[in-house]
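Engineer:
Number of protein chains: 2
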Amino acid sequence: MRIEEDKLRDYLKSKGLKFTPERQLILKEVFSIHRHFEVDDLFIRMRRRDNRISRSTLYRTLRLLVECGLLREVLFEERHSHYEHILGHEHHDHLLCLGCGQVIEFSNSSIEKLQSKVCGEYKFQPQGHRLQITGYCRKCR
Amino acid sequence: MRIEEDKLRDYLKSKGLKFTPERQLILKEVFSIHRHFEVDDLFIRMRRRDNRISRSTLYRTLRLLVECGLLREVLFEERHSHYEHILGHEHHDHLLCLGCGQVIEFSNSSIEKLQSKVCGEYKFQPQGHRLQITGYCRKCR
DNA sequence: ATCCAATTGCAACTAAAACTCAATAGCAAC
DNA sequence: GTTGCTATTGAGTTTTAGTTGCAATTGGAT
Numbered sequence: 000m001r002i003e004e005d006k007l008r009d010y011l012k013s014k015g016l017k018f019t020p021e022r023q024l025i026l027k028e029v030f031s032i033h034r035h036f037e038v039d040d041l042f043i044r045m046r047r048r049d050n051r052i053s054r055s056t057l058y059r060t061l062r063l064l065v066e067c068g069l070l071r072e073v074l075f076e077e078r079h080s081h082y083e084h085i086l087g088h089e090h091h092d093h094l095l096c097l098g099c100g101q102v103i104e105f106s107n108s109s110i111e112k113l114q115s116k117v118c119g120e121y122k123f124q125p126q127g128h129r130l131q132i133t134g135y136c137r138k139c140r
Numbered sequence: 000m001r002i003e004e005d006k007l008r009d010y011l012k013s014k015g016l017k018f019t020p021e022r023q024l025i026l027k028e029v030f031s032i033h034r035h036f037e038v039d040d041l042f043i044r045m046r047r048r049d050n051r052i053s054r055s056t057l058y059r060t061l062r063l064l065v066e067c068g069l070l071r072e073v074l075f076e077e078r079h080s081h082y083e084h085i086l087g088h089e090h091h092d093h094l095l096c097l098g099c100g101q102v103i104e105f106s107n108s109s110i111e112k113l114q115s116k117v118c119g120e121y122k123f124q125p126q127g128h129r130l131q132i133t134g135y136c137r138k139c140r
């Protein structure tokens with residue numbers, strides 16, 4: 000059926016973990032959101048659908064989804080985690096509007112190339128990066 | 000006397016706030032640290048010197064120092080804040096080693112230029128940015 | 001069908017940071 | 001220098017975000 004479910008099943012199996020109904024429900028809900036979300040967003044959405052999953056399970060499952068490469072954690076100006084899909088989305092970075100909170104995604108391969116070059120200079124082996132530009136969007140400035 | 004003290008005094012005066020002995024001590028301690036630090040580092044250092052400043056005051060004062068442009072908050076992989084000096088340091092970004100936790104600073108004006116270009120494309124007025132590359136340093140890879 | 005390790009939900013816990021409030025102290029005006 | 005108003009402080013309490021321990025439950029390999 001869905002690619003993301005296969006990916007999760009494979010990951011779980013490879014680690015000797017179980018594919019539970021809770022994990023399936025969370026996965027489904029996560030992939031029905033098509034923008035950035037935080038844990039509490041997810042919790043409330045699931046409650047509305049009467050899927051009474053505990054917060055502990057949400058936290059534990061989100062960690063799994065990050066580990067298996069389905070989700071990415073993104074840090075905005077707030078002190079708690081935000082997540083976004085990786086599957087089917089090319090890598091991108093964010094413009095974060097301090098006025099309206101809007102998040103604009105962008106990607107720029109020249110910047111990525113320069114980053115590789117910098118890493119080379121420091122003999123640093125990159126594993127990932129975050130680039131976030133804060134400021135004001137067209138409407139807010 | 001010191002530029003940073005003048006800057007803080009000016010900022011406080013402009014906001015109708017007061018230059019207290021506590022704020023002076025914190026400022027002094029902050030500028031005696033020449034690397035990234037977190038709130039508790041600062042707290043412990045001050046205790047060692049018998050400057051018994053409460054954590055509340057530290058938190059409140061650090062916020063002021065960020066507001067007046069003396070400090071910058073940097074987010075590493077941990078969930079609490081780290082700070083670094085702005086004054087007298089040109090803007091830079093970070094390579095963060097997941098092995099030993101080492102933080103390498105770098106700056107690259109070509110990346111900055113490309114960022115400006117991206118902002119232009121989105122009619123986004125940048126105010127600041129964070130670029131953090133995680134991976135493994137020469138020793139750890 | 002059996003069995004064992006993984007999972008769940010709940011409650012208790014933790015860490016970082018923010019808030020509350022009574023006592024104190026800058027500092028501007030006199 | 002004194003006064004008075006407002007900002008500030010520290011101690012303790014609260015909030016927020018997330019983690020952990022544990023007893024009961026369950027997935028899934030055999």
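Note that the protein sequences, when read in sequence, are chains U and Y.
In terms of numbering that gives the first Met the number 0, the first sequence opens at residue 0 and continues consecutively.
In terms of numbering that gives the first Met the number 0, the second sequence opens at residue 0 and continues consecutively.
We treat Cβ as the ideally placed atom computed from N, Cα and C, and that holds for glycine.
1. Given a cut-off of 7 Å, decide if U:Arg71 and U:Ile85 are closer than it, judged by their beta-carbon atoms.
2. Just grab the DSSP bridge partners of Y:Val38 for me.
3. Taking 7 Å as the CB-CB limit, is Y:Ile110 close to chain U?
4. From U:Phe30 to U:Arg46, what distance separates their C-alpha atoms?
5. In chain order, what residues of the same chain have a beta carbon less than 8 Å from the beta carbon of Y:Leu7, not counting five sequence neighbours either side?
6. If you count every other CB in all the chains shown that lies within 10 Å of the CB of Y:Cys136, and 16 or more means buried, which is it?
7. What's the C-alpha gap between Y:Cys118 and U:Pro20?
8. What would DSSP say about U:Gln101, mapped onto helix, strand or coil?
9. Counting pairs of beta carbons, one from the segment 92 to 104 of chain U and one from the segment 92 to 108 of chain Y, are three or more of them closer than 8 Å?
10. When you compare only the Cα positions, how much space is there between U:Asp5 and U:Ser55?
11. Answer with yes or no whether the minimum CB distance from Y:Arg71 to chain U is below 7 Å.
12. Apart from the five residues on each side of it in sequence, which residues of its chain come closer than 6 Å, Cβ to Cβ, to U:Tyr58?
13. Return the residues of the segment 116 to 131 of chain U that lie within a Cβ-Cβ distance of less than 7 Å from chain Y, sorted by chain order.
14. When DSSP labels each residue in this structure, what does Y:Asp49 get in the three-state scheme?
15. Looking only at C-alpha atoms, which of U:Glu28, U:Lys12, U:Ile132, U:Arg34 sits nearest to U:Tyr163?
16. Would you check if the distance between the CB atom of Y:His128 and the CB atom of U:Ile132 is smaller than 7 Å?
17. Over what stretch of residues does the beta strand (DSSP E) that includes Y:Ile132 continue unbroken?
18. Under 7 Å, do Y:Gln124 and U:Gly134 count as touching if we go by C-beta distance?
19. Rounded to a whole number of angstroms, what is the C-alpha to C-alpha distance between U:Glu76 and Y:Ser13?
20. Using beta carbons (cut-off 7 Å, strictly below), is Y:Cys136 in contact with chain U?
21. By the 9 Å beta-carbon criterion, what residues does the segment 62 to 86 of chain Y contribute toward chain U?
22. Does Y:Asp39 pass the burial test, meaning 16 or more other C-beta atoms within 10 Å, or should it be called exposed?
23. Looking at the secondary structure, which residues open and close the alpha helix (DSSP H) in which Y:Glu76 lies?
24. Give the straight-line distance between the Cα atoms of Y:Arg44 and U:Leu94, rounded to the nearest whole angstrom.
25. Please work out which residues of its chain come closer than 7 Å, Cβ to Cβ, to Y:Phe42, disregarding the five sequence neighbours upstream and downstream, and give them in chain order.
26. Along the chain, where does the beta strand (DSSP E) that runs through U:Tyr141 open and close?
27. Considering only the beta carbon of each residue, do Y:Gly87 and Y:Cys139 sit closer than 7 Å?
28. Would you give the residue range spanned by the beta strand (DSSP E) that U:Leu95 belongs to?
Structural biologist: The structure says:
1. Going by C-beta atoms, U:Ile85 is nearer than 7 Å to U:Arg71.
2. In DSSP, Y:Val38 forms no bridge with anything.
3. yes
4. 16 Å
5. Phe18, Arg22, Leu26, Leu63, Leu64, Cys67, Leu69
6. buried
7. Straight-line spacing of the CA atoms in Y:Cys118 and U:Pro20 works out to 44 Å.
8. coil
9. no
10. 24 Å
11. Y:Arg71 does not count as touching chain U.
12. none
13. Val117, Cys118, Tyr121, Lys122, Phe123, Gln124, Pro125, Gln126, Gly127, His128, Arg129, Leu130, Gln131
14. coil
15. With chain U covering only 0 through 140, there is no way to say anything about residue 163 of chain U.
16. yes
17. 124 to 135
18. yes
19. 26 Å
20. yes
21. Leu74, Arg78, His79, Ser80
22. exposed
23. That residue, Y:Glu76, is in no alpha helix (DSSP H); it is neither H nor E in DSSP.
24. 37 Å
25. Arg54, Leu57
26. The structure shown has nothing for residue 141 of chain U, since chain U only spans 0 to 140.
27. It is not a contact, given that the beta carbons lie outside the stated cut-off.
28. Counting along the chain, the unbroken beta strand (DSSP E) around U:Leu95 starts and ends at 92 to 96.
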